[in-house]
Amino acid sequence: MLSDTHVPTLLPELPSQLLERLADVDLILHAGDLVSIEILKSLQSIADTVAVHGNVDYHQVVSQLPRKQLLSVVGRQLGLIHGNQAPRIERQYLQPGTYDSPAMETFYEYLAHELPDAEIIVFGHVHVPVVKHWNDRLLVNPGAVAPYRGHSSFGLLDLDADTVRPQIIEL
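If you read the sequence shown in this note's numbering, its first letter stands for residue 28, the second for the next number, and so on.
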């Protein structure tokens, strides 16, 4: 699981450490803000890749990728969305690092409304990683690959019919 790679605006290319870790995965999920369509092509050369566009993606990315996706992975419904909304709405509750604040309920409700059939929702936009169980759903933000406040991360999701094991990995 990746989000907010921001290549080439914040990073010149994907980190080699990330590419090495992705070599063993079956599926890559990118939750938006790729920026350049070349990132999608790079990821697709490693493994099957499902991606959505984010709020700062170039037009070519926005024109080729949906805003959200629902997919079935080993019989589980997984939703993928960047998570951005109108800035005036976001300012009311979305502050980095405040996933447990009461105001964040509005954000979680938004994610659930956008992907009502998803039992797992992977999102980005906030640049801060989280694994959160909320109302019978698992919400995962893998963090930003592009460094944010000195941190860079991605996620792994070990998934089968009986088990869901998310993991955040610092780069």
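Backbone N, C-alpha and C define an ideal beta-carbon position, used for all residues, glycine too.
Which first and last residues belong to the alpha helix (DSSP H) in which residue i is found?
i	result
Gln91	His86 to Gln91
Glu207	Any question about residue 207 goes unanswered here, given that the chain covers just 28 to 198.
Ile66	Ile64 to Gln71
Closest by CA to residue i, which one among the options?
i	options	result
Ala173	Leu29, Leu38 and Val101	Leu38
Ile66	Glu47, Asp31, Arg48 and Gln194	Asp31
Asn162	Tyr85, Ser180 and Pro143	Pro143
Leu183	Val34, Ala130 and Asp51	Asp51
Asp60	His178, Val83 and Glu197	Val83
Val101	Asp187, Val155, Lys95 and Leu49	Asp187
Leu98	Val158, Thr133, Leu56 and Val191	Leu56
Leu105	Gln71, Ile196 and Leu138	Leu138
Val64	Leu41, Met28 and Asp185	Residue identity check: residue 64 is Ile in the sequence provided, not Val. That would be Leu41, whose Cα lies nearest to the Cα of Ile64.
Val70	Arg103, Arg48 and His178	The residue asked about is misnamed: residue 70 is Leu in this sequence, not Val. It is Arg48 whose Cα lies nearest to the Cα of Leu70.
Leu54	Lys95, Thr76, His140 and Gln44	Thr76
Val157	Glu197, Ser72 and Thr133	Glu197
His160	His154, Glu132 and His33	Glu132
Ala58	Ser128, Gln96, Gln194 and Asp127	Gln96
Tell me where the beta strand (DSSP E) around residue i begins and ends.
i	result
His57	Leu54 to His57
Met37	This sequence places Leu at residue 37; Met is not what is there. Careful: Leu37 lies outside any beta strand (DSSP E) and carries neither H nor E.
His160	Val157 to Trp161
Ala139	Unbroken run through Ala139 is the alpha helix (DSSP H), Glu132 to Glu141; no beta strand (DSSP E).
Asp51	Counting along the chain, Asp51 falls outside any beta strand (DSSP E), and DSSP gives it neither H nor E.
Gln112	Counting along the chain, Gln112 falls outside any beta strand (DSSP E), and DSSP gives it neither H nor E.
Val77	Asp75 to Ala78
In the DSSP output, what is residue i paired with across the bridge?
i	result
His178	Tyr175
Arg94	According to DSSP, which records beta bridges pairwise, Arg94 is partnered with nothing at all.
Arg192	Asp185
Val167	Val149 and Val158
Leu105	Leu98 and Ile147
Leu45	Beta-bridge pairing links Leu45 to no other residue.
Leu29	His57
For the 8 Å Cβ check, are there 3 or more pairs between the segment 93-113 and the segment 139-148?
-> yes
For the segment 162-178 against the segment 82-91, are there 3 or more C-beta pairs whose distance is under 8 Å?
-> no
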